[in-house]
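Take a look at the structure below.
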Amino acid sequence: AIERGGAMTFARYDDSTVIDPVYADRNPDLWMVTGLYETLLRNGPDGAVVPGLAEGYDVAADGLSIRLKLRDGLRFSDGSALTGADVVFSLDRARNPELGPWAGLLGAVDKVSADGNQVTLTLKNPDPTIVSILATFNTGIMPKAAFEKAAGANDQEKARAFFEAGPVTSGPFTMKSRVQGSSMTFDRNPNYWRPGSDGKPLPYLDQVDFVIIPDDATRILKLQAGEVDAAEFIPFARVGELSADPALKMELFPSTRIVYAPINTRETRKDGSKNPLADVKVRQALNYATDKSVLIKLVTFDTGKPMTSLMSAATQLHYGPEPLYAYNPEKAKQLLDEAGLSGGFDVTLTTLAGSADDATLFTALQQMWSPLGVNLKVEQVDNPTRGEKNRSGDFDIHSYGWANDVNDPAQVTGWLGYYKQRQAVGTGWNNAEFNTLFEASNVEVDPAKRKDEYKKMQEIYAEGAPLLFLFETPFAVAVSKSVEGYVQTPLGANDFSEAWRAK
Amino acid sequence: MPSLSYLFARLLQIIPTFLLVMVFIFLLVRLLPGDPAIAMAEAKATDAQLEQIRHNLGLDQPLPIQFLVFVKNTLTGDLGRSIMLKAPVTEIILARLPTTIFLGLYSVLLAICLAGPLAFLAASRVNRPVDVAIRSVFQVGLSMPVFYIGLLLLTVLAAQLRWFPVGGYGKTFLDNLHHLMLPALSVALYTSAIILRNLRASLIEVLDADYVQFARAKGLSRRIVMTRHVLRNALVSTVTLLGLSIGNLMSGTLVTETVFAVPGVGRLMLEAIFARDYPLIQGLTLTFAVLVSVVFLMTDIVQSWLDPRLRQS
Amino acid sequence: MIAPSPLAASPLLSIHDLVMRFEKPRSLSDTLAGRPRQVVSALNGVDLDVMPAETLGIVGESGCGKSTLARCIAGLNRPTSGDIRFKGESVIDLRGARRRDYNKRVQMMFQDPYTSLNPRMTVRDTLREAITVHRMREGGGIDRRVDELLDLVRLPDGAADKYPHEFSGGQRQRIGIARALSLEPTCLVADELVSALDVSVQAQVVNLLLELQDDLGLTVLFVAHDLRLVRHVSHRVAVIYLGAIVEIGPSETLFARPMHPYSQALLAAAPSLDPTSRRRAPALSGELPSPLDIPPGCPFHVRCPHATALCRREKPTLRPVGHGMTACHFAETIGGA
Amino acid sequence: MNEIEKETVLDVRRLRTEFGLAERPLVAVDDVSFQVKAGEILGLVGESGSGKSITLRSILGIVRPRGRVHGEILWKGRDLVPLGEAALRRVRGREIAMIFQEPMSSLNPLLTVGLQISENLAAHTDLDAKARKARAIELMDMVGIPAARDRLSDYPHEFSGGMRQRVMIAIALASNPKLLLADEPTTALDVTIQDQILRLIQALSRDLGMAVILVTHDMGVVAGTCDRVAVMYGGRLCETGPTADVIGDARHPYSLGLLRSIPRNVAPRTPLYSIPGAPPSLDALPAGCAFTARCPVAGPECRDVRPRLDSTGPQRQVACHHREQALVHFSAQEAAQ
Amino acid sequence: MSMVLQSPVRKMGRVSAFLGRAFSRPSFVIGFAILALSIALALFPQFLAPYDPLAFDLGAIQQGPSLAHPFGTDNFGRDVLSRVIWAYRVDMQMAFFATIFALVIGVTVGAFVGYYGGIADTIFGRCVDAIITFPFLVLVIAIVAVLGPGLVNMYVAITAVNWVYYARLTRAEIMAQKANDYAAAGRVLGYSDRRIIFRHLLPNATSPIIVYWMTDMALAILLGSSLGYLGLGAQPPAAEWGVLIAEGRNFLLTAWWMSLMPGIAIVLTGLGFSLVGDALADLLRPKGR
Ligand SMILES: Nc1ncnc2c1ncn2[C@@H]1O[C@H](COP(=O)(O)OP(=O)(O)OP(=O)(O)O)[C@@H](O)[C@H]1O
Ligand SMILES: Nc1ncnc2c1ncn2[C@@H]1O[C@H](COP(=O)(O)OP(=O)(O)OP(=O)(O)O)[C@@H](O)[C@H]1O
Ligand SMILES: [Mg+2]
Ligand SMILES: [Mg+2]
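Chains as they are written, first to last, in this note's numbering: chain F, 19 to 521; chain E, 82 to 394; chain Z, 450 to 786; chain B, 19 to 355; chain V, 3 to 291.
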């Protein structure tokens, strides 16, 4: 049975800067937000949306308003009551485009109002994602009064001061102390609403200590030495070894993380030369010529799965009956012949300097593709340069990774395929049908119809192959045998609310 | 003691050096490729967001203006806001600096404790087995990259033998001594090898010097000859070397802080570079330069305290 | 330019009011504090004529400016003011080819036998270089000339292909002489040529110098502090004190009857080889004043036993007294005493 | 002769000092024997590298650890050679003091002159700090350093060469030693300063009854200062005797040559006598007489048989197989000039 | 030109005498042997390495040292021995290219500045002050960041900082040599400044520069592998010791050979350079007068 009390120490790969629902923009920030700030709705274990601070929600038939009722007796960590006013404050902050990068997610919201515990969101247009957004970290509820009391001339300064002072929170934990770059301590929030399996309020742990250890090997050594209870981002190469360690549990949490390689689909390269990859057949051929199982073995040490769609299988509305472009060199050869490129051609893979995974990817692809006459060359750049090349279309193929931040397929689909957003992840792939479907799906309130639109989009995308579809990877976290119940959600959030430690 | 005017002159010398340092830093950071805005926003941001970020950072101003602003702000202690950590650079650096200074002092101390006695032993038994053994061991130390020494210490002393924690930073002073022992040692090993080599050589030279022979001819006791005449003179050049190797030491902390997960400015520097955090890189480089200058200044003072010939400015 | 008198032979080198000051670098704080720049006055108005084929000895205490004078003449230092004329022509501002031309005729030899030869070049390399750079000989003539020179300075045949460190100090000085002679100069400046050598070897080099001078009709400026040697070698001798000539005259008369009190003290202090003529009191007390801070009036007055108020006030000029010239207000009385 | 009454304080017998490997030693001093009496100044002359300094250092035992000393050094009857450091320390500085050759490098540049004097006093006397200071001032006064009180807190680099040499003498004299070993105390100095310092040493020896060994390579200094002289060549003694006798009537070909190469009683600008060749290097000495290679009268036995230091008169010793030929040879030379 | 007539026999004699002295020192012999082997490995890895350093062998992942794989295999089944051997090529290259340009530039600048002094020297002095005020690695890393990671950029970055050290050394050495009378003699003999600098002063200033160069090559390897380790130097999959250690970093306890073997190679090569450098420092020290 569950035991209450005690503390655990968690080794992180990077530190948070500001854990604020609105300003969080790097994974180490946003994956911590829900530990401190509860949202109105929550994502259940299966990914479905369930009630959170709100007892439930009610979308109007026209899709233009949502009503939510807050639970009774909600209180912040300092004991003050959590009311509709706090919700209005928090959501108005979240959708203020002047502030954080996530305001666009609430772009459809026209007005948020509250009457006691009744909260109403009025929308400008129907938005099928709005319910998911209300379960997303950026709509976490902050205490209006306490925040406004914080020192500072503008919201940014206030947010910082509020955070530094050990913020008043609505989530399962409060922040007790923090040394930037080094450590952080979360304390149990005694006023958290959600009951645990023993009927008393969560969380079970009194305290969670975080230590920041960017180096993978050091992080693992620390875990093995028993100095910490859990270590995140275990390199896949070490998963086998740690699974065999009797003192540890090697957890591979399902994730929405995918690893893929955008292909430049423009007719000409940046330097003006003709781009062979503009031909869909060539892109398909390269996909066929890539043995994903080998890559999965080499890069993820068999912890990954081949991609079955543009989005991970853990994403809502995913459609992908089978792995895309199963290894088929003959088919690849044939496609290249059809494209008139049987004589072979040069392709450059832009890799991230210092990344062993990219290096492996390159070595493997080079070996896989050379029988086809594809001469793969490598260009090593740093992260910002890769970003710039991606934006300006100055690349052939490069690798990228992605994990959803929102429990809805629109984010990843827009990112990867919608031309008007970012030229379909910089590939320049511009499919009119796909774009129309995407736009329609964003205002489609009928779930069935939307699901259908998503199925079509995923089919079109797979066919168009603007990516090298590689693989999905889990979140690998190694946890001491004495700690139970820690979860990393498919979106990456660190959830300590139901973790407990055996004495 | 060195005179006030000597100190004053020495301080004045720093000014032109520092102006140049500022120019170097400024240019270097402006030359970094890649857009800090992109680095900051990563892939997901829109173009409008990028523009906004650039404007906020003042990156849309002409370079000379940016430089003047940089100088003015630096002089008022304002190094800008870190992109990556979203906080004033000065604040971040001040928070992290003590760790690095602690680590630096700790390793200097270790290096001296390690090298000093052994150098004496070696110099008093020139070319005998003890001397050869000491020199060989340190010669090997000299050929090892700091990160490798760190890794070995980490694997053997921390992971295997569990004598020391694997990494990180303690909370109390003693705790820190314990936590930072290995990182300090891995930096110290290299520095101590250099000190040993130099100190041994200058001890041998000083032992042979006329004034030491003369001191012996005066019939002074061995203790007085050794401390007053030999050690003090041998230290003059070693102090310079120690000052000069502070740069090495700083470079060392850059690497060890990464290997040992020590939250100091060294690791921060690497992170800032990988994140293209202009203001932070600027601030950190400046910090390193200030640190090194301060150390140079201190060695100069110690030296002029040791050696009266250096006191005339 | 004064027309050379047809009677007296015209001087080969004539030095007029030569002044050489070295400015010590001033630190930033000195500048700010307005402290004046420290100036070393190495030469304070030297007037000197050197006649063709004569040997002029120059003596004086350490730091009095002997080397500086030699270096100014050889063109290694550029004097602060004053003039040096070679055969009537000013040489101070010579550059390039004309400077080379001058140096071909006025060569210098150095004190330190260990540092005056390039340790990485054999004797042959050293001599060949000088000969080829100045095109003194062509083709096979070069090596013949090298052998000739080595012969001239009495170095054995095998010497040419050896490196300097394989020679003794005296031999090295002779190599230095050969190098100077390779340009067939008319005037040699010898700065402490034998001071670094052992007594037993000094004579070898001095003999060689005397012999060469007679054979080749060379003019020699012989800078040294060994009075006995200077007396033996020189026709005329100049005594320098704090960067100025205090007495100059024919060697014999100057040594027999020094006029200037400083010359007298110098001679008295020089150890005599006669154990029976021991004196008990030191010839001169006190130290040489620092060239940073030269006393006003007669620079010697602080150490001079005969100094009067006039000496402290007024700097005596070099004027003819007896057979030579002396810069002392009371040369006649003191010299006569 | 009242000389006989004076007590012999130092008796050096068959001193041999070697460096380097025991199998192939470099013998810097070989078979050197001499005595020094209280109040006597013994001159030790010889050219550079002849082992003068090593002889002095051997007496005080400071060629160790790298030099090996053999033979007997009887200080007031007690042999110093086998003594340990601790025992030697009571002799050094207290009974036997030494002045080093290099005034520039023999004072510790980092310590005040006052401290360097008083540490000697602290080691050898019971004086308290105040008394030491008073004594230090007294000593500085004695060696002629003006404003002694103010200069105690100065550092060596603030003194001129002559003053430093005087400070060294002050240090050496601090505890009234009975024997002063003065290693070329004036070589680095100007004649006028040299003169002052030699007079000082002479006066001290006379007034305090202190024995002195004065190393020099200048025969003039010997003539002016020493009571007796020992001539060294290649690590061995070749001639000893009263100063006047040796200078006036040298018997060893080396001493003869040395004296003859100094211009004295010769016509100006005539060739000087010169000893052929160069001083020997210690690793190439013949088994016999070290001077063989340069000796005008050497016979075949000189190379192989080492000449003994034979008495040739009262207090006169010469080590040469061909004394008579030498004398004849040099008189003939003189006559020829 | 004046070299032509020099008797070659004598020259040879000198060289062999020098070598004789050198090879009678154990430290030089050891250092020389290590370097000779390193150079051989760097020149001919294709003949000396038993396997292709890049080829994956998924059937032989992380096998410990054995007869087939004396240094074991890595996490892709690549032969560690072969990778270490191929890394010699990269690292020895690094030792050379990261230092040679700094040497040439630094020596030239140092020689001129040291000879002429004056305002150029003052400016130089300030620049040196400013540059040495940065910790070396900080500056190099910052420049690598400017140029982007990779070997060539690393050479550029190191050279940009490192020349200062050569220039400083050369300047001091030239100033010291300039004080010698042979330099003055050259001027009196009417030689041009260029001739005096390059034919007279510089040849006499080379010993300490060469000695420093030796230790600097060792430092360059240390620095290069540190950068490789941090991901800023040589790039995977290329074999370079720092990169190899970084790759093995995750397997310190389970597959220790992955990081230990390249570590030993670094230490050995560094040792070779410093032993030879130290021995040369002794051998080239001017013989006492
Ligand atoms: N380059 C220089 N810079 C500054 N001062 C100099 C320089 N050269 C000479 N002096 C100073 O000028 C003065 C005269 O020096 P010089 O070398 O001419 O003396 P000297 O008579 O040759 O002495 P010595 O007998 O010791 O050789 C000295 O005080 C010396 O310190
Ligand atoms: N520590 C040593 N190791 C080896 N040889 C030495 C050592 N010290 C002195 N020598 C040698 O011993 C010989 C005698 O040296 P010493 O210093 O006594 O000569 P010196 O007569 O004092 O000469 P100078 O007049 O130059 O002072 C020299 O050839 C010298 O090279
Ligand atoms: Mg001079
Ligand atoms: Mg001596």
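Virtual Cβ for every residue (Gly too), placed ideally from N, Cα, C. Fair warning: this is a prediction, and the values are worked out from it, not measured in the lab.
Runs of the alpha helix (DSSP H) lying entirely within the region 424–508 of chain F, each at least 4 residues long, are 427–435, 437–444, 450–459, 465–482 in chain order. DSSP places F/Val149 inside the alpha helix (DSSP H), whose first and last residues are 148–151. The distance from the Cβ of B/Glu202 to that of B/Thr234 is about 6 Å, consistent with a contact at the 8 Å cut-off.
Our two residues, E/Glu352 and E/Met331, have alpha carbons roughly 16 Å apart in a direct line. Between F/Glu182 and chain V, the shortest Cβ-Cβ separation is not below 8 Å. Taking a contact as a CB-CB distance under 8 Å, the pair F/Pro161 and F/Val186 counts as one, their CB atoms being some 5 Å apart.
DSSP assignment within the region 209–275 of chain V yields the following whole alpha helix (DSSP H) runs of 4 residues or more, N-terminal first: 243–250. Within chain V, no residue has its beta carbon less than 9 Å from that of E/Met262; the closest one is some 19 Å off. Non-local beta-carbon contacts of V/Met177 in its own chain, meaning distances under 7 Å to residues more than five positions away in sequence, involve Gly116 in chain order.
Here F/Asp128 has Thr140, Leu141, Lys142 as same chain residues with Cβ atoms under 7 Å from its own Cβ, once five neighbours each way along the sequence are excluded. Per the CB criterion, closer than 7 Å to any heavy atom of ligand 4, the qualifying residues run in chain order as B/Lys70, B/Ser71, B/Gln119, B/Asp201, B/Glu202, B/Val233. E/Val221 has its alpha-carbon roughly 18 Å from the corresponding atom of E/Cys194. Residue list for ligand 1: Z/Phe471, Z/Val489, Z/Ala491, Z/Ser511, Z/Gly512, Z/Cys513, Z/Gly514, Z/Lys515, Z/Ser516, Z/Thr517, Z/Pro740 (CB closer than 5 Å to any heavy atom, chain order). Runs of the beta strand (DSSP E) lying entirely within the region 120–162 of chain F, each at least 3 residues long, are 127–133, 136–141 in chain order. Among the CB atoms of chain V, none fall inside 8 Å of the CB of F/Leu266. Residue state for V/Asp54 is assigned as coil, using DSSP reduced to three classes.
For E/Ala290, the shortest C-beta to heavy atom distance toward ligand 2 is 7 Å or greater.
Against chain B, the CB of E/Asn314 has a partner CB under 8 Å away; the residue lies at that interface. Beta-carbon to beta-carbon, V/Val82 and V/Trp259 are separated by about 6 Å, close enough to satisfy the 8 Å threshold. F/Ser417 carries a coil assignment under DSSP once its states are collapsed to helix, strand and coil.
If you look at E/Ile215, you'll find it isn't in any beta strand (DSSP E); it sits in the alpha helix (DSSP H) that goes 210–223. In the DSSP annotation of this structure, Z/Phe671 is not part of any alpha helix (DSSP H); the continuous beta strand (DSSP E) holding it starts and ends at 668–672.
Here F/Lys218 is exposed, its C-beta having fewer than 16 other C-beta atoms within 10 Å. Distances from the CB of E/Ala265 to the heavy atoms of ligand 2 are all 7 Å or more. Taking all protein chains shown into account, V/Ile63 has 16 or more neighbouring C-beta atoms within 10 Å of its C-beta and is therefore buried. Secondary structure of E/His259 (DSSP, three-state): helix.
B/Glu36 sits in a strand when the DSSP states are folded into three classes.
The region 260–275 of chain V makes contact with the region 216–234 of chain E, as at least three CB pairs between them are under 8 Å. Taking a beta-carbon distance threshold of 8 Å, B/Gly111 counts as an interface residue toward chain E. Against chain F, the beta carbon of E/Pro246 has neighbours under 9 Å at Lys240, Ala243, Glu245, listed in chain order.
Taking B/Ala262 as reference, the option from Z/Thr668, Z/Pro707, Z/Ser726, Z/His674 with the minimal CA-CA separation is Z/Ser726.
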